[in-house]
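J.: Following this message is one structure expressed as C-alpha cells.
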Amino acid sequence: MAAPVFERVKSIIADELSVEPDEVTPQSRFVEDLGADSLDVVELVMRLEDEFSLEIPDEEAEKIGTVGEAAKYIESHAEVRKE
1 MAAPVFERVK SIIADELSVE PDEVTPQSRF VEDLGADSLD VVELVMRLED
51 EFSLEIPDEE AEKIGTVGEA AKYIESHAEV RKE
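Residue numbers (full-length UniProt numbering): 1 to 83.
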C-alpha cells in the first residue's frame with residue numbers, strides 16, 4: 001500500500017470521525033473500531049470521492065470495512081494526484 005495514499009486516507013478519516021490519527025490503522029474497522037455510524041460512512045465515502053476524484057459505487061462501498069481496504073480500493077481505482 002502506497003504510504004502517501006494511506007496517509008491521506010488516514011487524515012481524512014481522523015478528521016471526519018473525530019478520532020486521533022494514531023487510532024487509525026490499516027486494520028481499523030470503521031464501525032467497530034472507529035465508532036462510525038451509517039451516516040458517518042456515507043459522508044466519509046463522499047469525502048474520499050472528492051479528495052481522490054473518483055466515484056465509489058454503493059455496492060463497492062459496502063464491501064469496504066477497514067481503513068486499509070479503503071486505501072487499497074483508492075489505489076486501484078484512482079489516478080492519485082502527486083502532492
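Note that the Cβ used here is the ideal one computed from N, Cα and C, for glycine as well.
Quick caveat: nothing in here was measured; it's all calculated off a predicted structure.
How many Å lie between A36 and G68 at the Cα?
T.: Rounded to whole angstroms, A36 to G68 spans 16 Å at the Cα level.
J.: Taking the alpha carbon of S53 as the reference point, which residue from H77, S11 and E32 has its own alpha carbon closest?
T.: Out of H77, S11 and E32, H77 has the C-alpha closest to the C-alpha of S53.
J.: Where are the alpha helix (DSSP H) runs, 4 residues long or more, that stay fully inside the UniProt domain "Carrier" (3-78), in chain order?
T.: Listed in chain order, the complete alpha helix (DSSP H) runs (minimum 4 residues) inside the UniProt domain "Carrier" (3-78) are 3-17, 38-52, 58-61 and 67-77.
J.: To the nearest whole angstrom, what separates the beta carbons of V9 and I64, a pair I think is in contact under 8 Å?
T.: Wrong, their Cβ atoms sit about 11 Å apart, outside the cutoff.
J.: Would you kindly work out how many angstroms separate the C-alpha atoms of E43 and E16, rounded to a whole number?
T.: Each residue's alpha carbon lies about 8 Å from the other.
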